[in-house]
Each structure stands twice: as C-alpha cells, then as structure tokens.
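What follows is a set of notes on a single structure, which appears directly below.
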RNA sequence: GGCGCGUUGGAGAAGCGGCUUAACUCACCAGCCUUUCACGCUGGCAUCCAGGGGUUCGAAUCCCCUACGCGUCACCA
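Here's what the structure looks like:
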C-alpha cells in the first residue's frame, strides 16, 4: 500500500476562493486522517493572470484557516520545485517522449484558423473540435510554416473510440468516450509552457500523488488526463470529485455572489475555526449528531465515504450562527482584540474589555461591534417602533426615569454593577418590577427593546450621555 | 447543442430494500427560563423523498423514462 499523498494545486490568479479553500481543507483532512502528506503546488502556467500577490494571498489564507502543508511551495520537499513555471524542462521532456512515440505532434495552426474551423462546425450543428489538420505534416510543410515564423504548439493525439472510465471516489463509475473529448488537444502552448491538463498529470505522477480530490468542474477534464497517463505508461491516481459550492441562485459561487474569498470573511470578522467548521459541513457530514468541530476533531472524523454527491448552497446565515457560537466562547481579551480593529478609534484597555463583555452574546462577527458605536457614543438614536413608543408612554415611566436620572447624577463613577444596583433600587422604591422596570429604561437609553445588558451599556455611555437620553 | 453530474423541507443534511409515523443543524413560529435583553431549553414546521413507470411480500433506498438544475466543451486553470 502506497503512502497517501494529496495535494492542493491552485493557480495564483486571484485570492483564495471559498471553493478552493474547501478543496484544500478536504485534501488536508484526508491526508491527516490517513496519515499521509499534504502538498501545496502552484499551477502558475497562465502567465497573463498569475501574480505573486495572489500566491501570497492564497498561502496566507490557508495558514489563517489553519491548513498547513508538509511539503510544497515555500517549504520545499523531495520533489521541488513546486511552482510549475520552474519545472518547464520536466514538461518538455515528457512532451518530447510523447513525440518520439508518435503520440503527439507539432501543430502550426493559427488561432484564427482554429477559430474559423470551430465556427464552421458550429454552423453545421456539430460539436466544435479540432480536426487534426496538422497530424501528418510533411517536412516541406513544416519548413514552410517555420519560414513564415509560426510558432507551433504540441498536440496530443487522441485515439478514437476509446472508452475511458473513472472510478471516482465520491461519484462511482463514470464513463467517457475519447471521441467526445474535442479532438487532439494542446499539451504545450506555443510559448513552450504546458497547458493545465498536461502539467497536472506530469506533476501528480512525478510527485507521487496517490489521491486527487478536486472540484467537480474538473470531472470532464479527467478523461484527457487519463489518456496522458496511459500514453506515458503511468498508473493514474484515484480521483474524487467533490461537488460545487453554489450561491443562493444555485449557480456556481462566483464573484457576483458577493464575498467569495477567504480574506473577505477574515476582514468581516469571522473566526477561522468557524469558517473551517462551516466549510467542512458543506458537502461532508459527520456520522454522529454533532455540529461543532475543531480542526483536530475534523482530522479524526473525516472520511471520503461521507462526502456528498450533490452541490451545496452556501448559507451565510448558518456561517453567522456558527461564528456567533465561537465568539461566545472566546476569552474576553481575545474578543476585545478581535473587536478593536473595527472601532473608530483606539479604546482604553479597560473600556475595551467592558465593551467585549457587553457585546459578547450579541455579536455574529467582530465587525458587528461597529453597529453599537453610535449607541454608545451618544449619537442620536433611531426612531422608536410603535411598540416601543407605546411602552415609553406608560404611566409609571416618567417618575421612574426621573428617579433613575437623579440617582445617576449623584453617582460618581459609572460602573456597571453600581448602575444595576440603581435600577434595582428604583424598582423597589417605586414598586415596579420585571419588564415594566427594565423596558422603559432600555428604550429611553438605547431606543430599542432588544440588545445587550443595559447596565453595562450605560456604563459604557457615561453619565453625560445617559442623562441626555433620559430627558424625555 | 454534445457529453457528464446532480435532484430528500426555505438552507445544510442523515438515510445504503423492512428498525422511517424521513434523524440532526440553520432559518422561521409558539412557549419556558432570566426582575430587562440575549444565551439556553421545550415544542411546532416534508402525510412524504422532482414526476411517471417498473422490480419486490415490501422502495426515499434497485432499474428505466421524462423534467428541471448545474458543470464542461480554450494555446484558462
């Protein structure tokens, strides 16, 4: 039994996508569960769109999520380098060996010619594909193309009528026919850089990858890759295609669905543990009735058998709920630290802790803390709801508010416990209790019937603001 | 259009031929708790598993067809 070796191989053409993060996570968990290696490789063969910034973002995002690799980019390993543009000779050699065996050939067709051919086929109602124009060029033809200054690509000769079956780890047996592939496909572009379908195969084989877990969008690429494995005389790894993550409209999640990269969630104040927990539950389900999982627990529980075949809609609601759950369990100092960046100005340590304590049960993300700032900073309150209006008009309200205001004005330090005592005393003196006691004060002070503890909120507001709000 | 994959409630899902009068979680609704709010707790929320045929003593679970959704058909990955 060969060692389990899996990989996450993103192309650095943008920030780490939520779907990519889930692929990475599943690979990582599978490796951990099976005691294997997890490798990160950069597929940067698209020079146009690849950027160093994207690569950095991807690495940072993975690390932030707690997904680390034991071989690959930055840290190296026995099969270095792990960036495809640094491995060009490897692909050239592989392509040459295919050429030598007559399984690949130079193609001098220009993009215009290919495009024209494709258009013709489409007009005839046929599936657009490459017809193999350059399969059997004579030496003379080659010479004249070269003389024209044409730079050839290398195409792979697709054998006709071949049945290609994938024994997919999550979908089972999937069969394709080589005739449906679309003709001889390019393996080396005219600039000498390999295409995705070629480079993955070469790297996955050479890096001894045992299992490939990737998004379902790659399923239809697999037959091409299988062909290359066969041509090179290599044994293919096991494939597992995990279903897509969908937006609310049930189409593949993309930029138009809003926040789609991991950094977006980091910036909005989500905890990496919550995101990981959430992502794990998208397309995978545990075999027990538990919904909270730390990374460590996931490493123990994960199994390919429990990965779902059907796509999953990204439910931001559930993510928020999960995040709120983790936020509530955070030590106060960590909560305070998380909130701090979202405040308008630096807060004093003591106040910050009080703020964290006050908001702890009311936040879904760190950035939610901002919403409470106007309330605390003495800015004007939002208009009351009719229901709140009704409560504030109650008979007992005026004396209560006045008494409370009086006692507050006599208080030297605005301290949450003291304020709570004042509320209690007011209740006793006026013989009011329960909602009749707290609600009017809450509404007067915050303009709302819901929210954090009023005595804590009041302590945060300070005497001036409290008294100003009580003038009703 | 060809090929491929998928279809259990508003969302994530369990279910692998009888234990299912379809778990569990989010959302939603009702109530309890807390002298307020929130947390938490309790209960409600699919007479039914896209539709139609079959196989079987018995099907959400197996087979076929239809519909719908999505993916993919690049010198992008």
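In the working numbering, the protein residues as written are 598 to 1069. Positions of the beta carbon are idealized from the N, C-alpha and C atoms, including for glycine.
Residue burial classification, residue i (beta-carbon count within 10 angstroms, cutoff 16)
i, result
"residue 681", "buried"
"residue 672", "exposed"
"residue 609", "buried"
"residue 982", "exposed"
"residue 891", "exposed"
"residue 857", "buried"
"residue 722", "exposed"
"residue 998", "buried"
"residue 877", "buried"
"residue 697", "exposed"
"residue 621", "buried"
"residue 752", "buried"
"residue 624", "buried"
"residue 658", "buried"
"residue 1044", "buried"
"residue 652", "buried"
"residue 800", "buried"
"residue 935", "buried"
"residue 732", "exposed"
"residue 1032", "exposed"
"residue 968", "exposed"
"residue 871", "buried"
"residue 791", "buried"
"residue 1022", "exposed"
"residue 875", "buried"
6 Å Cβ shell around residue i - same chain, five flanking residues per side excluded
i, result
"residue 806", "602, 604 and 834"
"residue 763", "771, 819 and 836"
"residue 1039", "1051"
"residue 726", "779 and 780"
"residue 831", "802"
"residue 718", "725"
"residue 948", "none"
"residue 683", "none"
"residue 978", "1044"
Residue j beta carbon less than 7 Å from that of residue i
i, j, result
"residue 866", "residue 963", "yes"
"residue 796", "residue 688", "yes"
"residue 921", "residue 961", "yes"
"residue 787", "residue 748", "yes"
"residue 1042", "residue 1029", "no"
"residue 842", "residue 616", "yes"
"residue 646", "residue 669", "no"
"residue 822", "residue 798", "yes"
"residue 1011", "residue 1056", "yes"
"residue 606", "residue 640", "yes"
"residue 1004", "residue 1019", "yes"
"residue 988", "residue 1036", "yes"
"residue 1034", "residue 1048", "no"
"residue 729", "residue 901", "no"
"residue 840", "residue 928", "no"
"residue 660", "residue 899", "no"
"residue 956", "residue 966", "yes"
"residue 994", "residue 613", "no"
"residue 975", "residue 1062", "yes"
"residue 634", "residue 667", "yes"
"residue 1107", "residue 700", "Here the chain comprises residues numbered 598 to 1069, so residue 1107 is not present and cannot be evaluated."
"residue 1068", "residue 896", "no"
DSSP beta-bridge partners of residue i
i, result
"residue 843", "849 and 910"
"residue 604", "636"
"residue 749", "Answer is none; residue 749 lacks a bridge partner."
"residue 1121", "One cannot answer for residue 1121 here, as it falls past the ends of the chain, which runs 598 to 1069."
"residue 858", "614"
"residue 812", "839"
"residue 785", "751 and 791"
"residue 904", "881"
"residue 704", "750"
"residue 668", "636"
"residue 680", "639"
"residue 1031", "Paired residues: none, contrary to the question."
Residues near residue i by beta carbon distance below 7 Å, same chain, minus five either side
i, result
"residue 663", "869, 873 and 892"
Own chain residues within Cβ distance below 8 Å of residue i, not counting five before or after
i, result
"residue 984", "1046"
"residue 917", "961 and 962"
"residue 758", "774, 775 and 776"
"residue 903", "881, 882, 883 and 884"
"residue 958", "925 and 1049"
"residue 1073", "Not covered by the structure: residue 1073. The range shown for the chain is 598 to 1069."
"residue 1077", "The structure shown does not extend to residue 1077, since the chain is modelled only from 598 to 1069, so the question has no answer here."
Do the region 844-860 and the region 763-783 meet, that is, are 3 or more Cβ pairs less than 8 Å apart?
-> no
Inter-stretch contact at 8 Å, needing at least 3 Cβ pairs: the region 905-918 / the region 935-950 = no
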